[in-house]
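As they're listed, the protein sequences go chains A and B.
Take 86 as the starting number for the first sequence in this note's numbering and just add one per residue.
Take 3 as the starting number for the second sequence in this note's numbering and just add one per residue.
In this text, a Cβ means the ideal position worked out from N, Cα and C, and glycines have one as well.
Quick caveat, the model's predicted, so the values are computed rather than measured.
Heads up: the structure comes next, in structure tokens.
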Amino acid sequence: MSAGPDDVRDVVVVGAGPAGLFATYYAGFRGLSVTLVDAQSEAGGQITALYPGKLIHDVAGFPAVTGSALVAGLLSQAKEYSPRLLFDTDVTGLERYDDGTFGVRAGGRDPLRTRTVVFATGVGGMHPRALPVGHEWHGRGVVYVVPDTAAHTDHDVVVVGGGDSALDWALALRPVARSVTIVHRRRAFRAHAALIDRAVDEGIVLLTEAEVTAVDGDHRVRSVTVRRDSGETVDLPADTVVGALGLLSAPTPFPEWGLEVRQRKAVVDSRMQTSVPGVYAIGDASTYPGKVALIATGFGEAATAVNNAAVHIDPGLSLMPGHSTDEELAPPSTRTGQVPVVATARRDET
Amino acid sequence: MTYVIGKECIDVQDKSCIDVCPVDCIYEGGRKTYINPNECIDCGACELACPEVAIFPARKARGNPEWEMFTADQAAFFTQVLPGRDAPLGDPGGAGGFGSLGVDGPLVAGWGRD
Numbered sequence: 086m087s088a089g090p091d092d093v094r095d096v097v098v099v100g101a102g103p104a105g106l107f108a109t110y111y112a113g114f115r116g117l118s119v120t121l122v123d124a125q126s127e128a129g130g131q132i133t134a135l136y137p138g139k140l141i142h143d144v145a146g147f148p149a150v151t152g153s154a155l156v157a158g159l160l161s162q163a164k165e166y167s168p169r170l171l172f173d174t175d176v177t178g179l180e181r182y183d184d185g186t187f188g189v190r191a192g193g194r195d196p197l198r199t200r201t202v203v204f205a206t207g208v209g210g211m212h213p214r215a216l217p218v219g220h221e222w223h224g225r226g227v228v229y230v231v232p233d234t235a236a237h238t239d240h241d242v243v244v245v246g247g248g249d250s251a252l253d254w255a256l257a258l259r260p261v262a263r264s265v266t267i268v269h270r271r272r273a274f275r276a277h278a279a280l281i282d283r284a285v286d287e288g289i290v291l292l293t294e295a296e297v298t299a300v301d302g303d304h305r306v307r308s309v310t311v312r313r314d315s316g317e318t319v320d321l322p323a324d325t326v327v328g329a330l331g332l333l334s335a336p337t338p339f340p341e342w343g344l345e346v347r348q349r350k351a352v353v354d355s356r357m358q359t360s361v362p363g364v365y366a367i368g369d370a371s372t373y374p375g376k377v378a379l380i381a382t383g384f385g386e387a388a389t390a391v392n393n394a395a396v397h398i399d400p401g402l403s404l405m406p407g408h409s410t411d412e413e414l415a416p417p418s419t420r421t422g423q424v425p426v427v428a429t430a431r432r433d434e435t
Numbered sequence: 003m004t005y006v007i008g009k010e011c012i013d014v015q016d017k018s019c020i021d022v023c024p025v026d027c028i029y030e031g032g033r034k035t036y037i038n039p040n041e042c043i044d045c046g047a048c049e050l051a052c053p054e055v056a057i058f059p060a061r062k063a064r065g066n067p068e069w070e071m072f073t074a075d076q077a078a079f080f081t082q083v084l085p086g087r088d089a090p091l092g093d094p095g096g097a098g099g100f101g102s103l104g105v106d107g108p109l110v111a112g113w114g115r116d
């Protein structure tokens, strides 16, 4: 089944961090059809993955805003023009066709056909860090996310890691599991103290200064061997091993896709266009002389890229979109008199 | 911009920073760990994870002689030829394959032992 001409989008934005979310909004605002793709299951890129609770102080208009509130506002704004949103979708390739359009290979489906591409891939797609021991059992008892806790009912569960996510998974599984043990390499947990207290209260076993040295089983995992720094070795029954060692990003393979790079970032001109006409790069994924990698500058780069993409698609269009305060350009939500979503997100902060 | 690992790490090497670095840019030396300034994305995850409070952002080093020295030594770890090697480490794009490099930047190599 090949994509028909009706499926050709004006813009595919790759990466749902702040720059990509704003580019998605902006494409809709400019009247372009847009698809947003991201490897993660939720929006926000680095903000969501690394510092959702941190206060950000350099976004215009917000003296201070938490990462999660900013992402919530950006996502609501991006949805104003009903873009197609594809999460949990890895982009694996970029194809160029004779008619000047592109195909973005994503998630094993037919390539997403588009007239322009905006890469807002930041430091690359983020994925759970593989367990140093036992990764080969992935899908046979070793998991990195737990979408459905009930699937682990009556399991002996071993969680590997020492951060908030390790404690979160352990606490989520405790009510259904037969036992839950957390194995952490270091002496101290990075996780919030309140989470650790709760884990102890709920009967979760904490093994610190300990490493999983072997995972054993038959057609699936049955046990793990844990060695403690003291030299003691313990065998634990295990039906489920949860890897909670954080996220690791892989640089976007721009060179493989024919894009010029410098220090793994796509080289762009003042239009935010890469070495391939019609392909743009913004935010942390891009570089140019004088580049300052901030959320604040990423927003401007998004608007620059999308306006130039509009002209690339139709050279008869004006580069300038007109002002957003013009009545006919006002976003749908403000026309109906609703409270702007960003203001709502801001109120939640106080 | 980058974060820098200071003297509190020397002969401790807890390595929690390595666990949390989302781009695998923290390399294990003989006596401390080193952040590759070109590979660091300035996220600050390591600063929060370090139990020794050894990590600071390079932008705060200016005017602090000790922090300036550790910032320079951390850069030197990647740009100078380390003992036992033929070429500088450079920017390998990830520490995963290296394990402990067993050697240090000139400042740290000569740092007094407690």
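Under 9 Å, Cβ to Cβ, is there at least one residue of chain A near residue i?
| i | result |
| --- | --- |
| Asp106/B | no |
| Val22/B | yes |
| Leu50/B | yes |
| Lys34/B | no |
| Gly65/B | no |
| Asp93/B | yes |
| Asp13/B | no |
What residue range does the beta strand (DSSP E) around residue i cover?
| i | result |
| --- | --- |
| Tyr29/B | 28-30 |
| Phe211/A | Sequence check: residue 211/A is Met here, not Phe. It spans 210-213 - the beta strand (DSSP E) in which Met211/A sits, taken as one unbroken run. |
| Gly129/A | Careful: Gly129/A lies outside any beta strand (DSSP E) and carries neither H nor E. |
| Leu179/A | 176-181 |
| Ser334/A | 332-335 |
| Thr328/A | Here the sequence assigns Gly to residue 328/A, which means Thr is not the residue at that position. Unbroken beta strand (DSSP E) run through Gly328/A: 325-328. |
| Ile20/B | Element bounds for Ile20/B: not the beta strand (DSSP E) but the alpha helix (DSSP H), 18-22. |
| Val96/A | 94-99 |
| Ala351/A | 350-352 |
In chain B, which residues lie less than 9 Å from residue i when you measure between Cβ atoms?
| i | result |
| --- | --- |
| Asp369/A | Ile43 |
| Gln131/A | Pro24, Ile43, Cys45 |
Are the C-beta of residue i and some C-beta of chain B separated by less than 9 Å?
| i | result |
| --- | --- |
| Gln348/A | yes |
| Pro425/A | With a pLDDT of only 44 at Pro425/A, under 50, the local geometry of the prediction cannot be trusted, and the value read off the model is given with reservation. Chain B, which has no Cβ nearer than 9 Å to the Cβ of Pro425/A, makes this no. |
| Glu434/A | Interpretation of Glu434/A is limited by its pLDDT of 39, a score under 50 that renders its predicted location unreliable; the figure taken from the coordinates is listed afterwards. It does not; no Cβ of chain B falls within 9 Å. |
| Ser62/A | No statement about residue 62/A is possible, as the shown extent of chain A runs from 86 to 435 and does not include it. |
| Gly192/A | no |
| Pro103/A | no |
| Gly422/A | Since pLDDT at Gly422/A reaches only 47, below the 50 mark, its modelled position is unreliable, and the value read off the structure follows with that caveat. For Gly422/A, the answer is no, since every Cβ of chain B falls outside 9 Å of its Cβ. |
| Gln125/A | no |
| Gly248/A | yes |
| Ala205/A | no |
| Ala255/A | no |
| Ala295/A | no |
| Ala262/A | no |
| Ala378/A | yes |
Taking Cβ-Cβ distances shorter than 7 Å, what residues in chain B pair up with residue i?
| i | result |
| --- | --- |
| Leu455/A | Since the first residue of chain A shown is 86 and the last is 435, residue 455/A is not available in this structure. |
| Leu135/A | Pro24, Cys45, Ala47 |
Which chain A residues sit within Cβ distance under 9 Å of residue i?
| i | result |
| --- | --- |
| Ser102/B | Chain A residues near Ser102/B: none, gap ~15 Å exceeds 9 Å. |
| Pro53/B | Arg271, Arg272, Ala273, Arg275 |
Name the chain A residues that come within less than 7 Å of residue i, Cβ to Cβ?
| i | result |
| --- | --- |
| Asn40/B | Gln348 |
| Val25/B | Val208, Ser334 |
| Cys16/B | Looking at the sequence provided, one finds Asp at residue 16/B rather than Cys. Ordered by position in chain A, the residues that pass the 7 Å Cβ test against Asp16/B are Arg271. |
Considering just the uninterrupted stretch of the alpha helix (DSSP H) at residue i, what are its terminal residues?
| i | result |
| --- | --- |
| Phe384/A | 380-398 |
| Phe187/A | Where Phe187/A is concerned, there is no enclosing alpha helix (DSSP H), although the beta strand (DSSP E) it sits in stretches over 187-191. |
| Tyr111/A | 103-114 |
| Asp75/B | 67-81 |
| Leu91/B | Run containing Leu91/B: none; DSSP gives neither H nor E here. |
| Val110/B | 108-111 |
| Leu160/A | 152-163 |
Measure how close the beta-carbons of residue i and residue j come, nearest whole angstrom, since I'm counting them as under 8 Å.
| i | j | result |
| --- | --- | --- |
| Asp95/A | Arg200/A | 5 Å |
| Leu321/A | Val243/A | 6 Å |
| Thr177/A | Ala154/A | Not quite, the Cβ-Cβ distance comes to about 32 Å (not below 8 Å), so this is no contact. |
| Ser371/A | Met357/A | 7 Å |
| Glu341/A | Thr359/A | Contact doesn't hold; Cβ gap of about 13 Å is too wide. |
| Leu441/A | Val245/A | Limits of chain A in this structure are 86 at one end and 435 at the other, which puts residue 441/A out of reach. |
| Cys48/B | Ile28/B | 6 Å |
| Phe80/B | Asp93/B | 7 Å |
| Val6/B | Ala60/B | 5 Å |
| Arg115/A | Ala395/A | 5 Å |
| Ala273/A | Leu252/A | No, Ala273/A and Leu252/A are not in contact; Cβ-Cβ is about 13 Å, not under 8 Å. |
For a test of your reading of the model: does the CB of residue i fall under 8 Å from any non-hydrogen atom of the ligand ATP? Yes or no.
| i | result |
| --- | --- |
| Pro24/B | Only the bare structure without any ligand can be found here, which leaves the ligand ATP out of the picture. |
Give the interface partners of residue i over in chain B, defined as CB-CB distance under 8 Å, in chain order.
| i | result |
| --- | --- |
| Met211/A | Pro24 |
Query raised in the report: What runs of the beta strand (DSSP E), each 3 residues or longer, lie entirely inside the segment 230-309 of chain A?
Result: Taking only runs of at least 3 residues, the beta strand (DSSP E) segments lying wholly in the segment 230-309 of chain A are 241-245, 264-268, 290-292, 295-302.
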